[in-house]
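What follows is a single structure, written as structure tokens, with notes after it.
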DNA sequence: GACATGGAGATTCCATACAAGTAAAACGAG
DNA sequence: CTCGTTTTACTTGTATGGAATCTCCATGTC
């Protein structure tokens, strides 16, 4: 008996489906940063009424993917350089803590998961599949949270995960030299954790995140590259 | 010329007002833990339609105050002992980090704010005003986040703040012996921070939060005390 | 030309009606 | 009485229309 497709899929609500669809569109770069996305146009595109779209936009606002300006409209988030700095500061803090928890609670499972993802990254890296590499990068860092056994820490990461993934896809994934360094650092992270060398882990993590930040900021500073929709933020 | 009331207050949306009202009702104990709160009944009480109530419940779900079970109804959160453990673990981690950031960025402002709140706590403590003491306790810990200069860390705290405040009001505020110890610990925290002794700060914080946890858990274990609405959780 | 005024268009916000799903009571067979 | 089925009440999920309000542009005044 095949193990998959046994779990029945409950009929999801339209609002949930629409939420996922919009999230994916933003993360994949289908919508550009700062773009206006009105309830009505989305409802038309998905051929549903405005109600579930409204619910979806409200939900996405909490993950920071969408900014709703009352009575004015909804917009894809459009991070400033300052925003990216805060995202990275927050991310560094949270990943450090989540990993510490995970190493305490389920060290083996974590290491195994990281190793598996790292192997996949190797192949994506070799084949130059930037999209896939970005997705695996996202999964790698998410693994800390999946094994940290505290649902709230996971929620705290959900708060920024989608934004980070978007930045990866839209701003930093295309940079080849970053991918090179990034790949090595992931290896170093695993190595440090294997040896229980948390000090080194923290150091590598910091370096790793700072590089991401630098690349994103640099990319943001060249206004007419990468389909970034520049417009006054308010 | 009086300095206040110059800033115009934008008319808030009904959804926002309703959200605040429900939040307050839960935090203050007006609704009991686990109580069912349907869209329709709330709409009736506030004399609005279901739309803004629906938006409000969705928003409150993100702060964990409300659990929405699809097609079944909405319920005030009802933490298990395990939930409280996770809340406290999360809280300890986040307060530690926020305070570290605040001490780096705006040490003086933080200390001043803490001192002011501590003085107020002294009077509330002396007068046996448990409600007020609980509110000041909430404000004291929130101060770390107001001065940490990272909006995301603040958001991460919003994720649990209301739940913690509710637990304080409903489960732990009434315990006199806890208030005694709690008061002293707040003083110790200020003292440690004044001396830049972060190791001691972390230790006191840990003790402080663990005591809160113990009291809440104890209270939760005596089922028929404190208006806790016991019912099967699913 | 600078600035105020007015109105058209676009968009959300809220109310309401209906559809669909869930839980629990009522019922009936054994 | 027990078990399984049907029915009923209740609650949320979705669609849709209209009110409110914001933006932007055109027009007019000085």
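Residue numbers (the working numbering), protein chains in the order written: chain A, 1 to 234; chain B, 1001 to 1234. Don't be surprised by glycine CBs; every beta carbon is placed ideally from N, CA and C.
Problem - Residues that DSSP places opposite residue 67/A in a beta bridge - result: 75/A
Handout entry: Residue-level contact to chain A via CB, residue 1155/B, 9 Å cutoff
Key = yes
Problem - Proximal residues, the region 1074-1086 of chain B versus chain A, C-beta separation under 7 Å - result: 1086
Exercise for the section: Check the C-beta distance from residue 1098/B over to residue 1027/B and give it rounded, since I have them as a contact under 8 Å. Expected result: The Cβ separation is near 21 Å, so there is no contact.
Handout entry: Through-space distance from residue 1054/B to residue 1018/B, alpha-carbon basis
Key = 10 Å
Problem - C-alpha distance - residue 1042/B paired with residue 1074/B, whole-angstrom precision - result: 11 Å
Practice task
With 7 Å as the limit, tell me which residues of the region 86-100 of chain A have their beta carbon closer than that to any beta carbon of chain B; keep them in chain order.
Solution key: The residues in question are 86, 87, 89, 90, 93, 97.
Problem - Interface residues of the region 7-40 of chain A facing chain B [CB-CB below 8 Å] - result: Those would be 13, in chain order.
Practice task
Tell me whether residue 230/A sits in a helix, a strand or coil according to DSSP, three-state version.
Solution key: With a pLDDT of 44 at residue 230/A, under the threshold of 50, the modelled position of this residue cannot be trusted; read the value that follows with caution. Coil, per DSSP.
Practice task
Sort out for me which residues DSSP pairs residue 36/A with in a bridge.
Solution key: 75/A
Practice task
Report the residue from 130/A, 113/A, 128/A whose alpha carbon sits nearest the alpha carbon of residue 144/A.
Solution key: 113/A
Exercise for the section: Please find out if some non-hydrogen atom of the ligand SAH comes closer than 8 Å to the beta-carbon of residue 92/A. Expected result: With respect to small molecules bound, the structure shown includes none, and the ligand SAH cannot be examined in it.
Problem - chain B contacts from the region 135-162 of chain A (Cβ-Cβ distance under 8 Å) - result: 150, 151, 152, 153, 155, 156, 159, 160
Practice task
Could you spell out the range, first to last residue, of the alpha helix (DSSP H) harbouring residue 182/A?
Solution key: Segment 176-194, the alpha helix (DSSP H) holding residue 182/A.
Practice task
Taking C-beta pairs closer than 7 Å, name the residues in chain A that residue 1055/B reaches, listed in chain order.
Solution key: 58
Exercise for the section: For chain B, find out if any of its Cβ atoms is closer than 9 Å to the Cβ of residue 201/A; answer yes or no. Expected result: no
Practice task
Consider the Cβ of residue 70/A: report whether some Cβ of chain B lies at a distance smaller than 9 Å.
Solution key: yes
Practice task
Rounded to whole angstroms, what's the CA-CA distance from residue 1085/B to residue 1208/B? Just pull it up for me.
Solution key: Spanning the alpha carbons of residue 1085/B and residue 1208/B requires a straight line of approximately 14 Å.
Practice task
Kindly list the residues whose CB is nearer than 8 Å to the CB of residue 1088/B, restricted to its own chain and excluding five residues on each side of it in sequence; keep chain order.
Solution key: 1209, 1210, 1212, 1213
Handout entry: 9 Å Cβ cutoff, residue 1062/B in contact with chain A
Key = yes
Handout entry: residue 119/A in three-state terms, based on DSSP
Key = In the structure shown, residue 119/A adopts helical secondary structure according to DSSP, grouped into three states.
Exercise for the section: Could you check if residue 64/A is buried or exposed, using at least 16 other CB atoms within 10 Å of its CB as the buried criterion? Expected result: buried
Exercise for the section: Rounded to whole angstroms, what's the CA-CA distance from residue 118/A to residue 205/A? Just pull it up for me. Expected result: 15 Å
Problem - With 16 other Cβ atoms within 10 Å as the buried cut-off, status of residue 142/A - result: Buried, by the Cβ-count rule.
Problem - Cβ separation of residue 62/A and residue 1062/B, assumed to be a contact under 8 Å, to the nearest whole Å - result: The C-beta distance from residue 62/A to residue 1062/B rounds to 5 Å, short enough to meet the 8 Å contact threshold.
Exercise for the section: Work out the CA separation of residue 174/A and residue 79/A for me, nearest whole Å. Expected result: Going by the C-alpha atoms only, they are around 18 Å apart.
Exercise for the section: Report yes if the C-beta distance between residue 1130/B and residue 1179/B is below 9 Å; otherwise report no. Expected result: yes
Problem - Own chain residues within Cβ distance below 6 Å of residue 66/A, not counting five before or after - result: 57, 60, 74
Problem - Uninterrupted alpha helix (DSSP H) stretches inside the region 1099-1161 of chain B (no shorter than 4 residues) - result: The DSSP assignment places complete alpha helix (DSSP H) segments of no fewer than 4 residues inside the region 1099-1161 of chain B at 1107-1127, 1130-1146, in order along the chain.
Problem - Inter-residue spacing [alpha-carbon to alpha-carbon] between residue 125/A and residue 137/A - result: 11 Å
Exercise for the section: Flag residue 165/A as yes if its beta-carbon sits less than 9 Å from any beta-carbon of chain B, otherwise no. Expected result: no
Exercise for the section: Return the Cβ separation of residue 156/A and residue 94/A in integer angstroms, given the expectation that the two are a contact with Cβ distance under 8 Å. Expected result: 6 Å
Exercise for the section: With DSSP as the reference, label residue 1169/B as helix, strand or coil. Expected result: helix
Problem - DSSP state of residue 221/A mapped onto helix, strand, coil - result: helix
Problem - CA-to-CA distance, residue 1215/B to residue 102/A, given in whole angstroms - result: When rounded, the separation of the alpha-carbon atoms in residue 102/A and residue 1215/B is 27 Å.
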